[in-house]
Amino acid sequence: MADWITVASVGEITPGAPKIVDIDGTLIAIFHLDGDYYAIEDVCTHDGGLLTGGKIECGEIICPRHGARFCIKTGTALTPPAYEATTIFPVRVQGNEIQVQDNRWD
Ligand code: FES
Numbered sequence: 316m317a318d319w320i321t322v323a324s325v326g327e328i329t330p331g332a333p334k335i336v337d338i339d340g341t342l343i344a345i346f347h348l349d350g351d352y353y354a355i356e357d358v359c360t361h362d363g364g365l366l367t368g369g370k371i372e373c374g375e376i377i378c379p380r381h382g383a384r385f386c387i388k389t390g391t392a393l394t395p396p397a398y399e400a401t402t403i404f405p406v407r408v409q410g411n412e413i414q415v416q417d418n419r420w421d
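Take the position in the sequence shown, starting the count at 1, then add 315; the result is the number in my numbering.
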């Protein structure tokens, strides 16, 4: 089972301003949303653009390139031109640390 990796401190990530971390060459965006934290791969499944930098609305991030919407909590692609979900990662809070588990290879 993959290790948990500390990516931020509690209070460091504000709603609307995700933190981007590089875990083994994969960019992962950590969001603070509705009092919880969520981690999704920072890649749009339409054409590989970065999702961060896109507008955040109602729990969704809008790809800044062609406007596909993704659910931040589930990674689901909600509107064309993206049809496949982006990868999500487990997140936990341990004390003052926000941790992500890169479980893609488990
Ligand atoms: S790269 Fe995101 S909608 Fe095209």
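Backbone N, C-alpha and C define an ideal beta-carbon position, used for all residues, glycine too.
6 Å Cβ shell around residue i - same chain, five flanking residues per side excluded
i      : result
ARG419 : none
LYS328 : In the sequence under discussion, the amino acid at residue 328 is Ile, which differs from the Lys named in the question. The residues are LYS334, ILE345 and HIS347.
ASP421 : MET316 and ALA317
LEU365 : ASP357
LEU342 : ILE335 and ASP357
Supposed close pair residue i, residue j - CB separation, criterion 8 Å
i      : j      : result
THR367 : ALA392 : 16 Å between Cβ atoms; not a contact.
ILE413 : VAL325 : 6 Å
THR394 : ARG380 : With 8 Å as the limit, THR394 and ARG380 do not qualify as a contact, their Cβ atoms being about 13 Å apart.
Local Cβ density within 10 Å of residue i, reported as buried at 16 or more and exposed below that
i      : result
THR321 : exposed
ASP337 : exposed
VAL408 : exposed
TYR352 : buried
Host beta strand (DSSP E) of residue i (start-end)
i      : result
GLU327 : From DSSP, GLU327 is part of no beta strand (DSSP E); its letter is neither H nor E.
ILE387 : That residue, ILE387, is in no beta strand (DSSP E); it is neither H nor E in DSSP.
THR341 : 341-348
LYS334 : 334-338
GLU412 : 412-416
Contacting residues, own chain, Cβ-Cβ under 8 Å from residue i (five flanking each side not counted)
i      : result
GLY374 : LEU348, ASP349, CYS386, ILE387 and LYS388
Heavy atom of the ligand ATP within 7 Å of residue i beta-carbon
i      : result
TYR398 : Of the ligands one can find in the structure shown, namely the ligand FES, none is the ligand ATP.
Proximal residues to residue i (C-beta, below 7 Å), its chain only, five neighbours per side dropped
i      : result
PRO330 : HIS347 and LEU348
Please list, following the chain, all residues that have a C-beta closer than 7 Å to any non-hydrogen atom of the ligand FES. CYS359, HIS361, ASP362, GLY363, GLY364, CYS378, ARG380, HIS381, GLY382, ALA383, PRO396 and ALA397
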